[in-house]
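Asks:
Protein chains: 2
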Amino acid sequence: VAELIGAEKRYAVGDQIITALEPATLSINLGELCLIIGPSGSGKTTLLSMLGCVIYPSAGELFLKGQRINGLSEEALAHLRLHHIGFVFQNFNLIAPLTAEENVAMPLNLQKIPEKEVRLKVAEALGLVGMLDRRKNLPGQLSGGQQQRVAIARALVTQPEMILCDEPTAALDSQSLALVMKELRQLADQGKAVVVVTHDPRLSPFADRILAVNNGFVTEQKLT
Amino acid sequence: VAELIGAEKRYAVGDQIITALEPATLSINLGELCLIIGPSGSGKTTLLSMLGCVIYPSAGELFLKGQRINGLSEEALAHLRLHHIGFVFQNFNLIAPLTAEENVAMPLNLQKIPEKEVRLKVAEALGLVGMLDRRKNLPGQLSGGQQQRVAIARALVTQPEMILCDEPTAALDSQSLALVMKELRQLADQGKAVVVVTHDPRLSPFADRILAVNNGFVTEQKLT
Ligand SMILES: Nc1ncnc2c1ncn2[C@@H]1O[C@H](COP(=O)(O)OP(=O)(O)OP(=O)(O)O)[C@@H](O)[C@H]1O
Ligand SMILES: Nc1ncnc2c1ncn2[C@@H]1O[C@H](COP(=O)(O)OP(=O)(O)OP(=O)(O)O)[C@@H](O)[C@H]1O
Ligand SMILES: [Mg+2]
Ligand SMILES: [Mg+2]
Chain G
1 VAELIGAEKR YAVGDQIITA LEPATLSINL GELCLIIGPS GSGKTTLLSM LGCVIYPSAG
61 ELFLKGQRIN GLSEEALAHL RLHHIGFVFQ NFNLIAPLTA EENVAMPLNL QKIPEKEVRL
121 KVAEALGLVG MLDRRKNLPG QLSGGQQQRV AIARALVTQP EMILCDEPTA ALDSQSLALV
181 MKELRQLADQ GKAVVVVTHD PRLSPFADRI LAVNNGFVTE QKLT
Chain Z
1 VAELIGAEKR YAVGDQIITA LEPATLSINL GELCLIIGPS GSGKTTLLSM LGCVIYPSAG
61 ELFLKGQRIN GLSEEALAHL RLHHIGFVFQ NFNLIAPLTA EENVAMPLNL QKIPEKEVRL
121 KVAEALGLVG MLDRRKNLPG QLSGGQQQRV AIARALVTQP EMILCDEPTA ALDSQSLALV
181 MKELRQLADQ GKAVVVVTHD PRLSPFADRI LAVNNGFVTE QKLT
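Residue numbers (the working numbering), protein chains in the order written: chain G, 1 to 224; chain Z, 1 to 224.
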């Protein structure tokens with residue numbers, strides 16, 4: 001569903017060039033839960049953002065469902081992301097003046113889904129992460145783990161084909177973690193493509209495939 | 001160094017009352033590394049924020065170095081925090097338009113420390129967390145784990161008596177985690193009070209003492 005061919009990312013910082021991602025060639029497949037592991041600063045978020053069409057490669061190519069992404073306008077990209085990709089950001093990116101349920105409803109409202117259906121889907125998504133009773137709260141009134149769960153609900157509510165999660169369990173205790181990972185595992189079994197960036201060794205049992213990132217270099221790891 | 005007597009925290013949300021912390025009585029001692037564990041939303045950040053004089057108790061009392069905190073003005077509190085407490089926030093709270101080194105220098109500049117000494121201490125703190133080479137970068141140019149390490153450096157740079165850390169290793173890989181925990185362990189051995197809120201089971205070997213929080217209730221846990 002997503003394919004990188006020699007895709008790399010460089011940033012200019014003052015007079016330095018930082019290579020966040022070395023040329024990478026890989027595919028993300030439907031029906032698979034793929035883990036991306038690696039040290040802090042190694043390029044995991046960069047790789048995920050590229051797969052999610054959030055950032056453009058500095059060089060190389062990116063294909064989403066067979067379509068070449070490099071040439072597309074920001075509007076066309078935003079449309080693709082809205083309809084095909086669910087993204088859980090490392091810092092959640094919840095909208096502060098909107099309640100939990102308004103945050104989760106947003107992608108559905110952008111898709112012009114009728115209000116009655118929106119309310120059902122939002123309730124289902126929040127229920128899945130155990131946040132239904134706090135739906136009227138603002139992000140600032142929620143704990144770190146509660147905010148993370150709302151961010152996960154928002155990524156799942158449009159039932160996207162590709163779900164990209166950046167450290168989705170970093171703020172969660174073992175119980176909430178198991179809940180979230182079972183749900184992601186189920187979505188992969190139902191034919192979605194699920195990619196999870198993590199440092200947490202507790203997530204390996206859920207993976208079909210593991211990509212290791214080190215200093216911007218991506219390698220496929222054998223599952224033990 | 002810090003003492004809570006029947007301290008509790010309630011929030012009004014619409015027409016609900018949320019009890020974030022049930023009346024808690026406990027002391028935090030110098031020379032100890034104390035872990036605070038518990039599920040998402042259980043009250044850990046609330047407890048830590050109270051110990052750090054970041055929020056006032058709704059009822060009960062808080063003492064810092066024998067001084068009753070409840071009656072103090074916001075200015076007096078800010079002065080106490082600046083001189084005696086180092087805080088690593090769950091969402092880092094780095095200042096976006098300031099570079100990593102400017103962020104770490106801030107508490108020292110507020111203390112009117114001479115510039116030459118500030119530069120030395122900042123270099124030492126950033127070196128400790130392996131972020132010296134990225135000191136001229138803005139938070140937005142850093143990965144999650146890199147931002148977290150800068151936040152840790154800032155909390156340590158004033159060499160405070162009490163160091164409060166909210167999930168300080170959530171975004172860190174095993175190597176950076178070990179680095180940070182060894183440093184916190186060393187500070188406790190040198191006579192500081194170190195309190196770490198965490199979900200990470202890998203941190204238990206570093207603890208002298210464990211407090212468990214559940215639904216706002218705090219209990220002392222036996223070390224196994
Ligand atoms: N400003 C606020 N208004 C309303 N409720 C709040 C506020 N701050 C915290 N709470 C609630 O108080 C409870 C405890 O929150 P707290 O942030 O202390 O949890 P936590 O243990 O740190 O959780 P996590 O592990 O998810 O970070 C939660 O139910 C939270 O939603
Ligand atoms: N906008 C930017 N400008 C400059 N450098 C950047 C920018 N974004 C990322 N980088 C750098 O690219 C490298 C990879 O960053 P990335 O965020 O992908 O790491 P990561 O593996 O997700 O780390 P973490 O586990 O700490 O979240 C890092 O050295 C980072 O500082
Ligand atoms: Mg990252
Ligand atoms: Mg918290």
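Here a beta-carbon is modelled for each residue, glycine too, at the ideal position from N, C-alpha and C. These figures come from a predicted structure and were not determined experimentally.
Below 7 Å between beta carbons is the criterion; list the residues of the stretch 163-178 of chain Z that meet it against any residue of chain G, in chain order.
Replies: The stretch 163-178 of chain Z vs chain G, Cβ under 7 Å: GLU167, ALA170, ALA171, LEU172, ASP173, GLN175, SER176.
Asks: On the three-pair Cβ rule with 8 Å, is the stretch 26-46 of chain G touching the stretch 207-221 of chain G?
Replies: Touching, yes.
Asks: Within the continuous alpha helix (DSSP H) that includes GLU226/G, where are the two ends?
Replies: Outside the displayed span of chain G (1 to 224) sits residue 226/G, for which this structure offers no information.
Asks: Tell me whether GLN147/Z sits in a helix, a strand or coil according to DSSP, three-state version.
Replies: In the structure shown, GLN147/Z sits in a helix (DSSP, three-state: H, G or I).
Asks: Would you decide whether THR219/G is buried or exposed? Buried here means 16 or more other CB atoms lie within 10 Å of its CB.
Replies: It is exposed - the Cβ of THR219/G has fewer than 16 other Cβ atoms within 10 Å.
Asks: Looking only at C-alpha atoms, which of SER143/G, ALA171/G, SER174/G sits nearest to GLY216/Z?
Replies: GLY216/Z has its Cα closest to that of SER143/G, out of SER143/G, ALA171/G, SER174/G.
Asks: Output, in sequence order along the chain, the residues in the stretch 186-210 of chain G whose CB is closer than 7 Å to any CB in chain Z.
Replies: Result list: HIS199.
Asks: Quick one: which chain Z residues come within Cβ less than 7 Å of GLY246/G?
Replies: There is no way to answer for residue 246/G, as the model of chain G reaches only from 1 to 224.
Asks: For ligand 3, any of its heavy atoms closer than 7 Å to the Cβ of GLN90/G?
Replies: Yes.
Asks: Just to confirm, is the Cβ distance from LEU126/Z to THR169/Z under 8 Å?
Replies: No, these two residues do not count as a Cβ contact at 8 Å.
Asks: With a cut-off of 8 Å, does the C-beta of GLN146/G fall near any C-beta of chain Z?
Replies: It does; some Cβ of chain Z falls within 8 Å.
Asks: Output the distance between the C-alpha atoms of GLU3/Z and SER27/Z, rounded to the nearest integer angstrom.
Replies: Near 4 Å, if we compare the C-alpha coordinates of SER27/Z and GLU3/Z.
Asks: For GLY145/Z, does the count of other Cβ atoms within 10 angstroms reach 16, so buried, or fall short, so exposed?
Replies: Buried: at least 16 other Cβ atoms inside 10 Å.
Asks: Between the beta-carbon of VAL196/Z and the beta-carbon of LEU179/Z, is there less than 8 Å?
Replies: No.
Asks: Quick check on the burial criterion: 16 or more other C-beta atoms within 10 angstroms. Buried or exposed for GLU8/Z?
Replies: Buried.
Asks: Taking a contact to mean a Cβ-Cβ separation below 8 Å, would you say GLU101/G touches LYS136/G in this structure?
Replies: Yes, the pair counts as a contact, with Cβ atoms nearer than the cut-off.
Asks: Can you check the stretch 163-196 of chain G for any alpha helix (DSSP H) of at least 4 residues that lies completely inside it and give the ranges in chain order?
Replies: As far as the stretch 163-196 of chain G is concerned, its whole alpha helix (DSSP H) runs of at least 4 residues are 174-189.
Asks: For HIS199/G, is the classification buried or exposed, using 16 other Cβ atoms within 10 angstroms of its Cβ as the cut-off for buried?
Replies: It is buried - the Cβ of HIS199/G has at least 16 other Cβ atoms within 10 Å.
Asks: Answer with buried or exposed for ALA76/G, where buried requires no fewer than 16 other C-beta atoms within 10 angstroms of its C-beta.
Replies: So ALA76/G ends up on the exposed side.
Asks: If you reduce the DSSP assignment to three classes, tell me which class ALA207/G lands in.
Replies: Three-state DSSP puts ALA207/G in coil, outside helix and strand.
Asks: Roughly how many whole angstroms lie between the Cα atoms of THR23/Z and GLY6/Z?
Replies: Inspection of the sequence shows that residue 23/Z is occupied by Pro rather than by Thr. In a straight line, the C-alpha of PRO23/Z is about 4 Å away from that of GLY6/Z.
Asks: Using DSSP with H/G/I as helix, E/B as strand and the rest coil, what is SER40/Z?
Replies: SER40/Z falls in the coil class under three-state DSSP.
Asks: Mapping the DSSP letters down to three states, classify ILE152/G as helix, strand or coil.
Replies: In the structure shown, ILE152/G sits in a helix (DSSP, three-state: H, G or I).
Asks: How would you list, in chain order, the residues of chain G whose beta-carbon sits under 9 Å from the beta-carbon of SER143/Z?
Replies: Near SER143/Z (Cβ distances below 9 Å), the residues of chain G are ALA20, SER40, GLY41, SER42, GLY43, LYS44, THR45, THR46, GLN90.
Asks: Beta carbon of GLY52/G, beta carbon of PHE92/G: below 8 Å?
Replies: Cβ atoms of GLY52/G and PHE92/G: not closer than 8 Å.
Asks: Grab the span of the alpha helix (DSSP H) containing PRO107/G for me, first residue to last.
Replies: First-last of the alpha helix (DSSP H) with PRO107/G: 100-110.
Asks: Less than 8 Å between the C-beta atoms of VAL54/G and ALA193/G, yes or no?
Replies: Cβ atoms of VAL54/G and ALA193/G: not closer than 8 Å.
Asks: Measuring only the C-alpha atoms, how far is ASP189/Z from LYS65/Z?
Replies: Each residue's Cα considered, the two are about 19 Å apart.
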